[in-house]
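Protein chains: 2
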Amino acid sequence: MPSYIAPLEDMMFLFNKLRNNKKYNEIEKYKEVNSELVKDILEEAAKISQNLILPLAKSGDENPPILENGVVRTSPGYKEAYKKFIEDGWISLSCDPKYGGQGMPKTVSTFFDEMLSSASLAFKLYSELTIGAYNCILRHASEEIKDTYLPKMVEGKWSGTMCLTEPVCGTDLGLLKTKAEEQSDGTYKINGQKIFITSGDHDLTENIIHLVLARSTDSPKGTKGISLFLVPKFIVKEDGNVGSRNGVSTGSIENKMGIKGSATCVLNFDGATGYMIGQKNRGLNSMFTMMNLERIVVGIQGLGISEIAYQNSLSYAKERKQGKANNTKSENGADFIIDHADIRKSLLNMKSIIEGERALCFWLSQQTEVSLNHSDENVKQEASDFVSLMTPVVKSMFTDMGMEITSEAMQIHGGYGFTKDLGIEQLYRDNRITPIYEGTNSVQAADLVFRKLVTKNGDIIDKYLNLVKEETNINDEKIQSYKKQLDHYLAILGKFTDWIKEKIKDSKDDVSAASNDYLKVLGLVATAHAWIKVLEVSFKDYEKNKDFYEDKIQTANYYFNRVLPRAESYFKSATTGSKYIMEFKFN
Amino acid sequence: MPSYIAPLEDMMFLFNKLRNNKKYNEIEKYKEVNSELVKDILEEAAKISQNLILPLAKSGDENPPILENGVVRTSPGYKEAYKKFIEDGWISLSCDPKYGGQGMPKTVSTFFDEMLSSASLAFKLYSELTIGAYNCILRHASEEIKDTYLPKMVEGKWSGTMCLTEPVCGTDLGLLKTKAEEQSDGTYKINGQKIFITSGDHDLTENIIHLVLARSTDSPKGTKGISLFLVPKFIVKEDGNVGSRNGVSTGSIENKMGIKGSATCVLNFDGATGYMIGQKNRGLNSMFTMMNLERIVVGIQGLGISEIAYQNSLSYAKERKQGKANNTKSENGADFIIDHADIRKSLLNMKSIIEGERALCFWLSQQTEVSLNHSDENVKQEASDFVSLMTPVVKSMFTDMGMEITSEAMQIHGGYGFTKDLGIEQLYRDNRITPIYEGTNSVQAADLVFRKLVTKNGDIIDKYLNLVKEETNINDEKIQSYKKQLDHYLAILGKFTDWIKEKIKDSKDDVSAASNDYLKVLGLVATAHAWIKVLEVSFKDYEKNKDFYEDKIQTANYYFNRVLPRAESYFKSATTGSKYIMEFKFN
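If you read the protein sequences in the order shown, they are chains A and B. Numbering (the working numbering) for the first sequence: 1 to 587. Numbering (the working numbering) for the second sequence: 588 to 1174.
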């Protein structure tokens, strides 16, 4: 089993040193959330991740949930751990105190998301979708529904799901067939089949609240005829308690390559009672509230799995001896593999990406909070635009990098990485879902280039590039060499952006074929931006904590020398256009 | 289960149109191997791969071999299929007619290696190591041993293994502990434990011939004290039949992420009788004969798995509808995903890499045959040097690309790629061993930069670069735009090579840290070289088979526009040196 120690020092560094964002500081409700409180919370979060959740990873992989007489039984240990998890109030961390939550900002809860992803993604998913459903209900449902469902969900007694995908539609929800027929009492009867439903059924909670996309019988075809319905597994009685079983049943559990501990279900809705959430035919918009936040969390999953893969690679490299290093000092036998240049390079590649991503993510968490809670609508909107822009980037880049990093971990472990003993191969398999679900990474890239760069709110990418330029316009002489490198890639990103804006007018296929590369370049530059902010503090406070800041500076060196330059080739390839791609005749 | 049709048209194109290599044509023994004969063989090879072997992939994955009362039982269907496989003489394809082989050159048998890898890598491995052991015995053993063992191995009644790895040593064989004690009759008693032994034990053959690296009790430490021993599972009697059990037993079967149908064993040698092969203390050299050929085959495994991943992605893209394409013509509903630019790009990425690799591999097969069979020692040596240079490149690049391609296949299949139903995730898992075994890809890169570029035979890389320049100095005007691109990257490779040669003198860590990138650049350029040769024929013979050659030209366009430019970033990153990497203080 891989070991894991939550990276509290880095997390607290970000919270203490990079929180000083004017607009974020203006948010009234988080003024009490100070360093000491956060440290206490994260220390407890670390304990529960390391001690309670981590062992569930192997258990879930080896004994996936089973469907028995219509009931889904989770993996050994999951039920006991979940009970402790909710008793200690971990579901409620970021929820509204009005419904029993602890009201922590994303700048804190995101760290917990990362820890849980490191410990066991499969286990995490049981609570993650509850938070997704909570957010959607909070923003779109009536007060009555909120009062009925949210307290139990925040408490963790009831969990949630997102029911979108059907056999004929994943990416393209316009094709969905699930029907909703209005009843005389204002409720709906839901009929249809949903597939790939994460935590679709299980024995951890007394009720499961499904948020289901369906087409009302009198609604038009396509995406404009989709509404959102709340469909509980058990009907909730007037007194708020769980009543009779609703018409939702589990058809089967998917047999998957990874996250085997997570019950991914086929759900059959047979005249199930549903309650409409939000406006009729606007279901997709409501669901996207949930989905956008969820996409960022998927990126964080990639980051969390990267972190545990790195930690175990580092410790293995320190204890495995093999071959002589170039400058060996050992007379006899082999050196530790951490003395080999290519292993060190691999470790630094992981570390520089992980820490850069974590810093970028912290910035994004602040922007998210500003977008939700700032008092000035204009400030809110601008932050919201940045969050929208960065959502596909974080989702795709972090999950792709997660594959690169878990793969490097496997290479460092050699044959022992491919066999099951050390659990490294499980990290690789578990992370492999992240570039797929919540919209494949190509779907994210299309979303970025076609819907996020320039919107009705203006030229978002232009504002973002200006923000990066402003924020990296730092006088400290020690920053200049990094800034120069960033400027070079900012210029490439600028040219690439102009190319996209030009091509989008009448060669959309060029844009589509360039979209994945564009996302990567934007992601690399955004991470460099985050690194520059880390470097700014590192040089300024150097004397206060030399070891820590020297580590940051050297790690940044790796990022600027060996990760950022990937942008060069992406730009060059992508701007060759798509004529030869579109005209190709596939046999 | 994925479907598979062997790419006979492309294979026969290479055999018919790119075989015309002067030195290869001078090999006497292959003059009879003409196009018709090869076509007949490959058609039969295709049938057996598609019909007999392909179904074993799923069977092996779902029911891996088990160790029961000291006996390894292979997966359902393996025994029957293996029987048919050897009855039809497939083991013997490339073997010497003197021992019952069919004497086919690598230009033919390599295609069969690819087909088997596409169909079921796990099944292939049972025969693959037999060929490895056959080659090693053929070149290094006494006539008596050859006469005793080779006919049965060529027939497929006995199989072979390579026993190198031990718990403390994989990459670094100098550390190995297995002991060999000489007996009065000239045989040895072998004691020790070997791990990760592919096909280490199974029920497919009546005997298993282990080639074991061990240290004679009077030999020195390190790599210079290692000898090679033949250790049969059952002692062979004077009459050539199988006798009593030798002191080799199976400790356990590894539980792995992929190639689950292959029995990867822990073998315990307890006073097992062994026969020394080749000279004492020169075992590593003898083993490397086997290993080098085997490394190329591992590259071909990556190619084979890429091919089946591509075929299934293409057919899925033609039948799955999702979303509207940019230039949609459908009024209602979604378009086939093959109409989406990013899916087409992904398919062409796969195709252009696969076909380029196959062409490069064909060239390498010719070089291998020249290196083994040409009458002129100088010609032989030069070809041998090129094979040595390209061995780590083919091993690493093809297997890394295999991961990229199986990953793209999974993305194209979305959720259906991650679940077990369609078998796509199995391709991804099965291929994941290829960058690890027979020396990790980083070990290959180190081998390339430190041992293959400049050797006692001269400046090999320089000769190779000149060869590429000569062979691509083609007058056809239509080639010029490709040639110009190749020249650009040849120049980068030249600069990179000079940098390596300079740094190797006193900054070996710079070279180590650059080695993986250097290998990639060399691989990309070598594949472009192969593509130019394909293009030369395509333009020349265009009118004779327009559809086929147009396909080649367009596929090459993709390669030159979108694959080759990766070299740019690799070069830029790698030449930043290693000071910041070596000085880093890992916590």
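In this text, a Cβ means the ideal position worked out from N, Cα and C, and glycines have one as well. Keep in mind it's a predicted model, so treat the numbers as computed, not measured.
Excluding five sequence positions before and after residue 834 of chain B, the CB atoms of its chain that fall closer than 6 Å to its own CB belong to 857, 858, 859, given in chain order.
Between the segment 433-450 of chain A and the segment 336-350 of chain A, the count of C-beta pairs closer than 8 Å stays below three; the two stretches do not touch. For the segment 554-571 of chain A, the set of positions with a beta-carbon nearer than 7 Å to some beta-carbon of chain B reads 554, 557, 558, 561, 562, 565, 566, 568, 569 in chain order. With fewer than 16 other Cβ atoms inside 10 Å of its own Cβ, residue 491 of chain A counts as exposed. Around the Cβ of residue 1112 of chain B, a 10 Å sphere holds 16 or more other Cβ atoms; the residue is buried. The contact set of residue 334 of chain A on chain B, defined by CB atoms closer than 7 Å, consists of 759, 762 in chain order. Shown in chain order are the members of the segment 435-450 of chain A whose Cβ falls below 9 Å from a Cβ of chain B: 435, 436, 437, 440, 441, 442, 443, 445, 446. Annotated as proximal: residue 848 of chain B and residue 647 of chain B, with beta-carbon spacing under 8 Å. In the assembly as shown, residue 890 of chain B is a buried residue. Its beta-carbon has 16 or more other beta-carbons within 10 Å.
Counting only the Cα atoms, residue 228 of chain A lies some 10 Å from residue 141 of chain A. Of all C-beta pairs linking the segment 555-567 of chain A to the segment 1155-1171 of chain B, three or more are shorter than 8 Å, placing the two stretches in contact. Around the beta-carbon of residue 674 of chain B, fewer than 16 other beta-carbon atoms lie within 10 Å, marking it exposed. Along the segment 500-533 of chain A, going in chain order, the ones with a CB nearer than 7 Å to a CB of chain B are 508, 509, 512, 513, 515, 516. DSSP places residue 68 of chain A inside the beta strand (DSSP E), whose first and last residues are 66-68. Closer than 8 Å to the CB of residue 398 of chain A there is not a single CB belonging to chain B. One alpha carbon belongs to residue 150 of chain A, the other to residue 133 of chain A, and they sit about 9 Å apart. Boundaries of the alpha helix (DSSP H) harbouring residue 709 of chain B: 708-727, taken from the DSSP string.
Put simply, the segment 492-509 of chain A does not touch the segment 363-372 of chain A. Fewer than three CB pairs are less than 8 Å apart. Note: residue 948 of chain B is not bridge-paired with any residue in the DSSP secondary-structure output. At least one beta carbon of chain A lies nearer than 8 Å to the beta carbon of residue 1167 of chain B. Flagged as an interface residue toward chain B: residue 340 of chain A, by a C-beta distance shorter than 8 Å.
With the criterion set as a beta carbon lying under 9 Å from some beta carbon of chain B, the segment 237-248 of chain A has no members that meet it. If you check the CB distance, residue 365 of chain A and residue 527 of chain A do not come in under 8 Å. Per the C-alpha coordinates, the member of B:954, B:979, B:981 positioned closest to residue 969 of chain B is B:954. What residue 774 of chain B touches in chain A, judged by beta-carbon distance under 9 Å, is nothing: the nearest beta carbon there is about 30 Å away. With a threshold of 16 other beta carbon atoms within 10 Å, residue 582 of chain A meets it and is buried. The beta-carbon distance between residue 595 of chain B and residue 624 of chain B, rounded to whole angstroms, is 14 Å. This is too long to meet the 8 Å contact definition.
For residue 566 of chain A, the enclosing alpha helix (DSSP H) stretches over residues 566-574. Shown here, residue 1174 of chain B sits in coil according to DSSP, grouped into three states, outside any helix or strand. At a Cβ-Cβ threshold of 8 Å, residue 375 of chain A and residue 558 of chain A do not count as neighbours. Taking the beta carbon of residue 573 of chain A as reference, the chain B residues within 7 Å of it are 1148, 1149, 1152, listed in sequence order. Under DSSP, the beta-bridge partners assigned to residue 161 of chain A are A:210. By the neighbour-count definition (other C-beta atoms within 10 Å, threshold 16), residue 1173 of chain B is an exposed residue. Look at residue 451 of chain A here: in three-state DSSP terms it is helix. The shortest CA-to-CA distance from residue 1072 of chain B to any of B:1140, B:1094, B:1096, B:1119 is the one to B:1119.
Uninterrupted alpha helix (DSSP H) stretches at least 4 residues long and entirely within the segment 331-419 of chain A occur at 341-373, 377-413, 415-418, given in chain order.
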